[in-house]
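J.:
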Amino acid sequence: NAGVMQNPRHLVRRRGQEARLRCSPMKGHSHVYWYRQLPEEGLKFMVYLQKENIIDESGMPKERFSAEFPKEGPSILRIQQVVRGDSAAYFCASSPPSRQNTEAFFGQGTRLTVV
Amino acid sequence: GNSVTQMEGPVTLSEEAFLTINCTYTATGYPSLFWYVQYPGEGLQLLLKATKADDKGSNKGFEATYRKETTSFHLEKGSVQVSDSAVYFCALSGTGADGLTFGKGTHLIIQP
Chain Y
2 NAGVMQNPRH LVRRRGQEAR LRCSPMKGHS HVYWYRQLPE EGLKFMVYLQ KENIIDESGM
62 PKERFSAEFP KEGPSILRIQ QVVRGDSAAY FCASSPPSRQ NTEAFFGQGT RLTVV
Chain G
2 GNSVTQMEGP VTLSEEAFLT INCTYTATGY PSLFWYVQYP GEGLQLLLKA TKADDKGSNK
62 GFEATYRKET TSFHLEKGSV QVSDSAVYFC ALSGTGADGL TFGKGTHLII QP
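Residue numbers (the working numbering), protein chains in the order written: chain Y, 2 to 116; chain G, 2 to 113.
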């Protein structure tokens with residue numbers, strides 16, 4: 002049973018380009034969370050999704066950032082027109098359908114560097 | 002809303018020292034509590050958890066007890082090793098619409 006898979010592990014983008022980060026949850030998990038970790042800072046919640054639905058996007062910047070979790074395929078975090086301040090580690094986590102009071106399982110993260 | 006407060010780091014200890022990392026929380030209802038560990042360059046791994054008051058979670062020599070009266074979940078280990086050097090995150094999972102709520106993390110450095 003594979004864990005949460007994120008790809009790519011490392012991503013380099015020039016300012017103004019788009020970044021697409023992918024997350025495949027664990028088998029049987031229908032809830033996905035995205036977190037951002039800035040250097041020397043903790044984890045910041047970005048968005049919580051279920052299949053085809055955004056449940057909570059209160060942590061997402063209002064512009065340039067979007068997320069989806071389609072019926073088929075991985076969850077995608079998309080950052081348009083990247084800027085240097087977007088450089089961070091982005092972690093995806095998943096949890097089973099009975100999400101209340103359960104832990105989430107994390108992927109290895111995607112480290113985005115904007116040059 | 003839910004929140005988690007944990008002691009600021011870095012915490013530097015010598016090998017075989019006793020470790021305590023404090024964690025307190027605010028939440029409505031009866032959350033579950035977790036400690037996650039992040040080794041350099043890696044994602045977060047669940048270290049231990051407790052789902053109700055007075056539960057004790059334990060793993061790899063680490064322990065934490067869910068104290069509802071003090072809203073705390075302090076992480077302890079009797080004798081740390083160099084390999085325990087990592088960032089430790091306290092977290093809670095409630096019954097609301099959001100996911101896990103994390104503390105800011107505590108960087109632990111163990112010196113030989």
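Ideal Cβ positions, reconstructed from N, Cα and C, are used throughout, including at glycine.
So, with DSSP's three-state summary, where would you put arginine 68 (chain G)?
T.: strand
J.: Distance, Cα to Cα, proline 11 (chain G) vs isoleucine 110 (chain G)?
T.: One alpha carbon belongs to proline 11 (chain G), the other to isoleucine 110 (chain G), and they sit about 7 Å apart.
J.: For the beta strand (DSSP E) that threonine 21 (chain G) lies in, which residues bound it at each end?
T.: 20 to 22
J.: Tell me, to the nearest whole angstrom, how far the beta carbon of lysine 118 (chain G) is from that of glutamate 104 (chain Y); I am working on the premise that it is less than 8 Å.
T.: Outside the modelled stretch of chain G, which goes from 2 to 113, sits residue 118 (chain G), for which no answer is possible.
J.: If you draw a straight line from the alpha carbon of isoleucine 80 (chain Y) to that of glutamate 19 (chain Y), how long is it in whole angstroms?
T.: Isoleucine 80 (chain Y) and glutamate 19 (chain Y) have their C-alpha atoms roughly 6 Å apart.
J.: So for valine 83 (chain G), helix, strand or coil by DSSP?
T.: helix
J.: Starting from the C-beta of valine 48 (chain Y), find all residues in its chain whose C-beta is less than 6 Å away, skip the five residues before and the five after it, and write them out in chain order.
T.: For valine 48 (chain Y), the CB contacts under 6 Å within the same chain, skipping 5 residues up- and downstream, are Trp35, Glu58, Met61 and Ala68 in chain order.
J.: So, with DSSP's three-state summary, where would you put aspartate 57 (chain Y)?
T.: strand
J.: What are the boundary residues of the beta strand (DSSP E) that arginine 23 (chain Y) is part of?
T.: 20 to 25
J.: Ordered along the chain, which non-local residues of its own chain (more than five positions away) have a Cβ less than 6 Å from that of serine 33 (chain G)?
T.: Cβ neighbours of serine 33 (chain G) beyond the five flanking positions: Thr52 and Ser94.
J.: Taking C-alpha atoms, which residue in Y:Gln82, Y:Met27 and Y:Phe107 lies nearest to arginine 21 (chain Y)?
T.: Y:Gln82
J.: Smallest Cα separation from alanine 87 (chain G): which of G:Tyr31, G:Val5, G:Leu47 and G:Ser4?
T.: Cα-wise, what sits closest to alanine 87 (chain G) is G:Leu47.
J.: I'd like to check one pair, aspartate 55 (chain G) with threonine 66 (chain G): are the Cβ atoms closer than 9 Å?
T.: yes
J.: Measure the beta-carbon distance from phenylalanine 74 (chain G) to cysteine 91 (chain G) and round it to whole angstroms, keeping in mind my assumption that it falls under 8 Å.
T.: 6 Å
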